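Some notes on the structure that comes next.
Structure (structure tokens):
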């Protein structure tokens, strides 16, 4: 329960009735929130809840559609982050934005108009208070991630920030580094600085924060003193309304699941995940649930040989893939649809048929097959997947997000795979395209293809999956048959709460 002293603390920042929409879709719906001096206020919510958008509005990255922001009782309108800095608000991003080939001091003063030496004493003073005692002339690229985060905080404090926004600050830190960061945050709190702390880790939120606010689908659904909360109350607040049952929408399709294990990981480990073992049977959709930062994308990229440094074994249809590269995995029947289709999945500046056929050109023994063959293959997928396009030669960048995703799916399905790893397959697509993608996935399993579905949309995991693994902080923490699982179980597991029914 909040003490009388806490309630009397000055409100540095007041957000009133904040609305924001993108392309006609409301992502913030009349949000109210405050931050007091010397307070650590945690902001919690599932992926897509609106918390990042809200903090980007506070820090001047986005404008708001409606509502007011008061700083020290005066209304402000920030057009950009520089104006927010002048208003004493600073966002520390999840991944520190440093210039590795500049010195530490140059990184701190960049954008202030000061020269090296002008603020050295002040930087040293602030750094010493935070336990940051590095040589300011050293290159910033030599700093650890934990030190880079402190550098970002010093950047804010040198700009006289009274409000710090920390976006997932512990996602890449070790246990020791997390404890060290919390010590620094308590120092800042004692100096009267208000801190917004965004995290998916409930244990950390309950340890470090004074108050917790929960966003769900753009609405503020909870704001309480941390002392009145526990894991279960926080998970309940994040649950979608009316989604507490164990109804299994795919029960009839279970009969098509085969006995053959088409994909298996044994003891798979790297610096991002530890001892991951899982399997997928023919015709089965296996969900890999978790929040951003759980290690799921890193796992998929390591499996495909996109990133190195992993240990463990990968089997497709009982045969181990040695010396994994994306090409060798494809030859073995394993393909991957990446999370960021624009950067890694599609040739945006080329006709859409170029993407569809790019994965099978080697089968024809030439860099380019005849345009007639390419058109024929692309047309087949355009019809089969209901891709809304003028024709195979329409440039991919002119397609909607949903139709781009269908083109990416056509590229990997053209390989006739045994297993597909889908990473956030409906990210950025509209409702109609989402249903089309679901139908494509189900049609694949009817043909015996195994699917490993990675999604932060926990309702999507439940909608599609036959079995579900839960990944938290780089480890598999649970495995469930769909009939044994509900939204409460998956949500709790994704946020690190195990062994309790919410």
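In the working numbering, the protein residues as written are -18 to 483.
Ideal Cβ positions, reconstructed from N, Cα and C, are used throughout, including at glycine.
As the structure is a computational prediction, the values presented were derived from the model and not from experiment.
Task: contact_flag[the segment 286 to 304, the segment 243 to 252] where n(CB pairs < 8 Å) is 3 or more - done: yes
Open item on the list: Between the alpha carbons of residue 270 and residue 402, how many angstroms are there, rounded?
Closed with: Translated into the one-based positions of the chain shown, residue 270 becomes position 289. Translated into the one-based positions of the chain shown, residue 402 becomes position 421. Straight-line spacing of the CA atoms in residue 270 and residue 402 works out to 13 Å.
- [ ] Compare the Cα-Cα distances from residue 436 to each of 413, 424, 407 and report the closest residue.
- [x] For the purposes of this step, residue 436 is identified with residue 455 of the chain shown, where counting begins at 1. Cα-wise, what sits closest to residue 436 is 407.
Open item on the list: Suppose you measure from the CA of residue 92 to the CA of residue 86; what does that come to, to the nearest Å?
Closed with: Within the chain shown, the letter at position 111 stands for residue 92. Within the chain shown, the letter at position 105 stands for residue 86. Using only the alpha carbons, I get a separation of about 12 Å.
- [ ] Within its chain, find whatever has a CB closer than 7 Å to the CB of residue 370; leave out the 5 residues flanking it on each side and keep chain order.
- [x] In the chain shown, the residue the question calls residue 370 occupies position 389. The answer, listed in chain order, is 333, 363, 380, 384.
Open item on the list: Please list the terminal residues of the continuous alpha helix (DSSP H) segment that includes residue 129.
Closed with: Numbered from its first residue, the chain shown carries residue 129 at position 148. Segment 126 to 139, the alpha helix (DSSP H) holding residue 129.
Open item on the list: Assuming residue 144 and residue 70 are in contact, meaning their beta carbons sit under 8 Å apart, how far apart are those beta carbons, in whole angstroms?
Closed with: For this step, residue 144 is matched to residue 163 along the chain shown. For this step, residue 70 is matched to residue 89 along the chain shown. That pair is a contact at about 4 Å.
TODO: Identify every residue that forms a DSSP beta bridge with residue 192.
DONE: Numbered from 1 along the chain shown, position 211 holds the residue referred to as residue 192. 22, 206, per the DSSP bridge assignment.
Open item on the list: Assuming residue 36 is part of the alpha helix (DSSP H), what are its boundary residues?
Closed with: Your numbering for residue 36 matches position 55 in the chain shown. Membership of residue 36 in the alpha helix (DSSP H) is indicated by the continuous run 32 to 39.
Open item on the list: Tell me the residue span of the beta strand (DSSP E) that contains residue 391.
Closed with: In the chain shown, counting from the first residue as 1, residue 391 sits at position 410. Where residue 391 is concerned, there is no enclosing beta strand (DSSP E), although the alpha helix (DSSP H) it sits in stretches over 382 to 394.
Task: Collapsed DSSP secondary structure at residue 473 in the structure displayed - done: The count along the chain shown starts at 1 and reaches residue 473 at position 492. DSSP places residue 473 in helix when its eight states are reduced to three.
Task: Distance CB(residue 450)-CB(residue 460) smaller than 8 Å - done: Position 469 of the chain shown holds residue 450. Position 479 of the chain shown holds residue 460. Contact flag set, yes.
Open item on the list: Buried or exposed for residue 162, going by 16 or more other Cβ atoms inside 10 Å?
Closed with: In the chain shown, counting from the first residue as 1, residue 162 sits at position 181. Residue 162 should be labelled buried.
Task: DSSP state of residue 15 mapped onto helix, strand, coil - done: Within the chain shown, the letter at position 34 stands for residue 15. If DSSP states are grouped into helix, strand and coil, residue 15 belongs with the strands.
TODO: Evaluate the contact criterion for the segment 183 to 203 versus the segment 16 to 26: three or more CB pairs, one atom per stretch, below 8 Å.
DONE: yes
Task: Backbone CA spacing between residue 220 and residue 438 [nearest angstrom] - done: Position 239 of the chain shown, counted from the first residue, corresponds to residue 220. Position 457 of the chain shown, counted from the first residue, corresponds to residue 438. Straight through space, the alpha carbons of residue 438 and residue 220 are spaced by roughly 12 Å.
- [ ] Mind reading off the beta-carbon distance from residue 329 to residue 377? Whole number of angstroms is fine, and I expect it under 8 Å.
- [x] Along the chain shown, one-based indexing puts residue 329 at 348. Along the chain shown, one-based indexing puts residue 377 at 396. Rounded, the Cβ-Cβ distance is 5 Å, consistent with contact.
Task: For residue 332, the residue or residues it bridges with in DSSP - done: Translated into the one-based positions of the chain shown, residue 332 becomes position 351. DSSP lists 376 as the beta-bridge partner residues of residue 332.
Task: Continuous alpha helix (DSSP H) stretch holding residue 170: start and end - done: Here residue 170 refers to the residue found at position 189 when the chain shown is read from its first residue. First-last of the alpha helix (DSSP H) with residue 170: 156 to 171.
Open item on the list: Using C-beta distances below 6 Å, list every residue in its chain close to residue 137, excluding the 5 sequence neighbours before and after it, in chain order.
Closed with: The residue given as residue 137 occupies position 156 in the chain shown. So the qualifying residues of the chain are 71, 145.
- [ ] Count the other C-beta atoms from every protein chain shown that fall within 10 angstroms of the C-beta of residue 181, then say buried if there are 16 or more, exposed otherwise.
- [x] Counting from 1 along the chain shown, the entry for residue 181 is found at position 200. Buried: at least 16 other Cβ atoms inside 10 Å.
- [ ] Please determine, among 466, 355, 374, 267, the residue with the shortest C-alpha to C-alpha distance to residue 430.
- [x] Taking the chain shown and counting its residues from 1, one reaches residue 430 at position 449. For the options 466, 355, 374, 267, the alpha carbon positioned closest to that of residue 430 is the one of 267.
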